[in-house]
Amino acid sequence: MSELNQAMAARYRNDFLREVEANVEEGHWVRMCMQCGVCAGSCPLGPYWEHPPQEIFMMIRANKREEVLASSSMWMCTSCYNCIVRCPRGLPITHIMHGLAHYAARLGLAPKTQPTRRFAEMFWDNLMKKGRVNELKLGLGLYFMNGFAEGVKTALAKRPIGQAMLRAGRMSPMELVRPHKVKDIQGLKAMIAKARELEEARTTGGSAG
Amino acid sequence: MAEKRRYSFYPGCSSQKSASSSNYLVSTQAVCESLDIELNEIPDWNCCAASIGYAKGGELPRLALSARNIALSEQAHPDQDIVATCAACWLATRETQERVQADPELRREMEVVLEAGGLKAEFRKPVRHMVEVLVEDVGYEAIREKVTRPLEGIKIAGYVGCQTNRPFGIAGESFENPVYLDKMVEAVGAEPVEHYEKKVQCCGGALMFSEPEKCQAMVKDIIEAAYDGGAEMIVTPCPVCQMNVEIYQDEINKRYGTRFRMPVVYYTTLMAVAFGRSAKEAGLDGQVIRAEKLEQIAGK
Numbered sequence: 001m002s003e004l005n006q007a008m009a010a011r012y013r014n015d016f017l018r019e020v021e022a023n024v025e026e027g028h029w030v031r032m033c034m035q036c037g038v039c040a041g042s043c044p045l046g047p048y049w050e051h052p053p054q055e056i057f058m059m060i061r062a063n064k065r066e067e068v069l070a071s072s073s074m075w076m077c078t079s080c081y082n083c084i085v086r087c088p089r090g091l092p093i094t095h096i097m098h099g100l101a102h103y104a105a106r107l108g109l110a111p112k113t114q115p116t117r118r119f120a121e122m123f124w125d126n127l128m129k130k131g132r133v134n135e136l137k138l139g140l141g142l143y144f145m146n147g148f149a150e151g152v153k154t155a156l157a158k159r160p161i162g163q164a165m166l167r168a169g170r171m172s173p174m175e176l177v178r179p180h181k182v183k184d185i186q187g188l189k190a191m192i193a194k195a196r197e198l199e200e201a202r203t204t205g206g207s208a209g
Numbered sequence: 001m002a003e004k005r006r007y008s009f010y011p012g013c014s015s016q017k018s019a020s021s022s023n024y025l026v027s028t029q030a031v032c033e034s035l036d037i038e039l040n041e042i043p044d045w046n047c048c049a050a051s052i053g054y055a056k057g058g059e060l061p062r063l064a065l066s067a068r069n070i071a072l073s074e075q076a077h078p079d080q081d082i083v084a085t086c087a088a089c090w091l092a093t094r095e096t097q098e099r100v101q102a103d104p105e106l107r108r109e110m111e112v113v114l115e116a117g118g119l120k121a122e123f124r125k126p127v128r129h130m131v132e133v134l135v136e137d138v139g140y141e142a143i144r145e146k147v148t149r150p151l152e153g154i155k156i157a158g159y160v161g162c163q164t165n166r167p168f169g170i171a172g173e174s175f176e177n178p179v180y181l182d183k184m185v186e187a188v189g190a191e192p193v194e195h196y197e198k199k200v201q202c203c204g205g206a207l208m209f210s211e212p213e214k215c216q217a218m219v220k221d222i223i224e225a226a227y228d229g230g231a232e233m234i235v236t237p238c239p240v241c242q243m244n245v246e247i248y249q250d251e252i253n254k255r256y257g258t259r260f261r262m263p264v265v266y267y268t269t270l271m272a273v274a275f276g277r278s279a280k281e282a283g284l285d286g287q288v289i290r291a292e293k294l295e296q297i298a299g300k
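From first to last, the protein sequence lines stand for chains A and B. In terms of my numbering, the first sequence is residues 1 to 209. In terms of my numbering, the second sequence is residues 1 to 300.
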């Protein structure tokens, strides 16, 4: 169990709702859910959620901390915003799901092998290197995320798509040697470091309750 | 001749040279040239983290990415609206702008963050999608007037998808049945599919990479509904929709025993061809599934 997780579990003992409200992006909205289920019915990946959004909200209120944070549910969000525009109470559900996913990852509770979690992390690392996403490296990294042998297999299976993109001029091996990049990458990194520092101060700064 | 319109342009990662929607950029440039629109690229812009960077990038770091672009735009093009062609770029930038405007505490934090990069911002500029520029600033009538080669006899399914439609959407349009793409299709002389059932269905977005089976099932429905409506091609405003719906058709055919071969183009591709630009200027060489009918018209 990570140190941050232990500290947070101790601080908010038996009040997971308060923990979510204080630490999760847009988490203060969770209290507003009236359990109508429109979000679940509107979600394109609805059938695949371990717990659809309104169930997650109820579980938060029922103190099911581990079950929520270790769930693969939040990682099913495709960010299509259907739930947001349809929610009769205007909950920013997409943002709450992203926030819960991020918080679970920070605490070390998010399922490690969940493929969308891994892709999301790869995406962020990829963009932080040069300030712009390198689609080619991201794609190759994705093929090889389950090891070299699996990667070769996937790369071979996906070869027709890669070749088609190359032919259409929508992919270039040059990205490996001379990638697109932000010139002031140092400035960008300084900003992100500062943003991270401020955000962590938000989470850990409050006094133990 | 109307006065030249000028915008501070945020192309985004997928529109860069050789990137997956570089053909979107090519056709956008052609259309803007024809309509006397000047796009001034935001100098040294960075990625917006799309909607998938959240696992590692928390709220502030993600918003900081867009704040930097906004600051650079204010610096370089102080009196020009920010315009993005990519749905995710537009959404992330506009969301940052609105959140900072609405939350004084967040604004204070963002000022500190920008300062760390030697920047500052007022966060007052409108952040707009290229579709808004075409619909609101240019107008359907002016688009129609530019058409020299009407796309007669082509039936096209207007696939709007998610993020150009939600959560912000285009002013005056419904989330459930937006019609601006259909009007654009009409304006260039083609015929829109009426009641296109999967018009606002999600294509899976970035989850196409991590959950391919689930997402390909959705894309199958999107393409099938277009065929059902009699469409010969699909048109979309979003780079991810375009890619997801176009390039996996062979895999979907294998998985489901279908025989899809449906070209998926951008609204700017349609306009560029209709405005008399060459196939290359319309980005038609960027199609994985060739839009042969458009090529024929462009070749005339």
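Quick reminder that beta carbons are idealized off the backbone N, C-alpha and C, glycines included. Predicted, not measured: the structure shown is a model, and the values here were computed from it.
Cβ atoms of residue j and residue i: under 8 Å apart, would you say?
i         : j         : result
LEU284(B) : ALA298(B) : yes
LYS120(B) : ALA71(B)  : yes
VAL182(A) : LYS130(A) : yes
GLY158(B) : VAL235(B) : yes
PHE57(A)  : CYS33(A)  : yes
PHE168(B) : LEU91(B)  : yes
CYS215(B) : GLY204(B) : yes
PRO237(B) : ALA87(B)  : yes
ASN5(A)   : LEU100(A) : no
VAL264(B) : LEU294(B) : no
SER18(B)  : PRO239(B) : no
LYS137(A) : LEU176(A) : yes
HIS102(A) : TYR54(B)  : yes
GLU197(B) : ALA217(B) : no
PRO160(A) : ASP250(B) : yes
VAL185(B) : ILE156(B) : yes
GLU59(B)  : GLU199(A) : yes
ASN46(B)  : LEU140(A) : no
ARG117(A) : MET145(A) : no
SER34(B)  : ARG277(B) : yes
ALA117(B) : MET191(A) : Reading the sequence as shown, one finds Gly at residue 117(B) and not Ala. Yes. Within cutoff.
CYS36(A)  : ARG166(B) : no
GLU152(B) : GLY189(B) : yes
Excluding the 5 residues flanking residue i on each side, which residues of the same chain have their C-beta closer than 6 Å to its C-beta?
i         : result
PHE16(A)  : ILE60, ASN63 and ARG65
HIS180(A) : ARG132
TYR140(B) : LYS183 and ALA187
MET243(B) : SER20
ALA50(B)  : ALA88
GLY12(B)  : CYS86 and CYS89
MET110(B) : ALA67 and VAL100
Among the options, which one has its Cα closest to the Cα of residue i?
i         : options                                       : result
TYR7(B)   : ARG128(B), GLU246(B), GLY169(B) and MET233(B) : ARG128(B)
ALA211(A) : MET233(B), VAL113(B) and CYS202(B)            : Because chain A is modelled from 1 through 209, residue 211(A) falls outside the range shown and cannot be assessed.
ALA171(B) : VAL185(B), VAL135(B) and ARG144(B)            : VAL135(B)
ASP36(B)  : THR148(B), ALA55(B) and GLU3(B)               : GLU3(B)
LEU107(A) : THR116(A), PRO44(A) and VAL68(A)              : VAL68(A)
ASN126(A) : GLU246(B), LEU106(B), ARG108(B) and ILE52(B)  : ILE52(B)
GLN114(A) : GLY187(A), ALA40(A), GLY41(A) and SER73(A)    : SER73(A)
GLU246(B) : ALA142(B), GLN287(B), ALA282(B) and GLU95(B)  : GLN287(B)
GLU98(B)  : ARG108(B), GLN80(B), LYS125(B) and ALA116(B)  : LYS125(B)
LEU223(A) : LEU188(A), TYR143(A), GLN54(A) and ALA168(A)  : Missing from the structure shown is residue 223(A); chain A here goes from 1 to 209 and no further.
ALA206(B) : ALA40(A), ALA168(A), TRP75(A) and SER2(A)     : TRP75(A)
TYR267(B) : ILE143(B), ARG107(B) and GLU38(B)             : ILE143(B)
TYR48(A)  : THR78(A), VAL24(A), ALA70(A) and ASN23(A)     : THR78(A)
Excluding the 5 residues flanking residue i on each side, which residues of the same chain have their C-beta closer than 7 Å to its C-beta?
i         : result
GLN101(B) : PHE123
ASP302(B) : Any answer about residue 302(B) is impossible in this case: the structure gives chain B only from 1 up to 300.
VAL38(A)  : ARG86, CYS87 and PRO88
THR93(B)  : TYR10, CYS48, SER66, ASN69, ILE70, ILE82, ALA84 and VAL127
VAL20(A)  : GLY27, VAL30 and ILE60
GLY57(B)  : ALA49
TYR180(B) : VAL131, VAL135, ILE170 and GLU173
Could you pull out every residue in the same chain whose Cβ sits closer than 8 Å to the Cβ of residue i, ignoring the five residues on either side in sequence?
i         : result
TYR227(B) : PHE260 and MET262
GLN296(B) : none
LYS300(B) : ARG149
Would the beta-carbon of residue i be found less than 7 Å away from any heavy atom of the ligand GDP?
i         : result
ASP184(A) : Of ligands this structure carries none, so the ligand GDP is not represented either.
Do the stretch 23–31 of chain B and the stretch 89–108 of chain A touch if we need at least three Cβ pairs shorter than 8 Å? no
Tell me whether the stretch 57–65 of chain B and the stretch 160–177 of chain B touch, counting them as touching only if at least three CB pairs, one residue from each stretch, are closer than 8 Å. no
Mind pulling the beta strand (DSSP E) runs of 3 or more residues that sit fully within the stretch 34–115 of chain A? none
Unbroken stretches of the alpha helix (DSSP H), 4 residues or longer, contained in the stretch 158–186 of chain A: 159–167 and 174–177
Taking only runs of the alpha helix (DSSP H) that begin and end inside the stretch 130–206 of chain B, which ones reach a length of at least 4 residues, in chain order? 140–146 and 180–187
Segments of 3+ residues assigned as beta strand (DSSP E) that fall wholly inside the stretch 217–245 of chain B: 233–236
Contained beta strand (DSSP E) runs [length at least 3] in the stretch 65–106 of chain B, N- to C-terminal order: 82–84
3-residue-minimum beta strand (DSSP E) runs that sit fully inside the stretch 9–60 of chain B, ordered along the chain: 37–41
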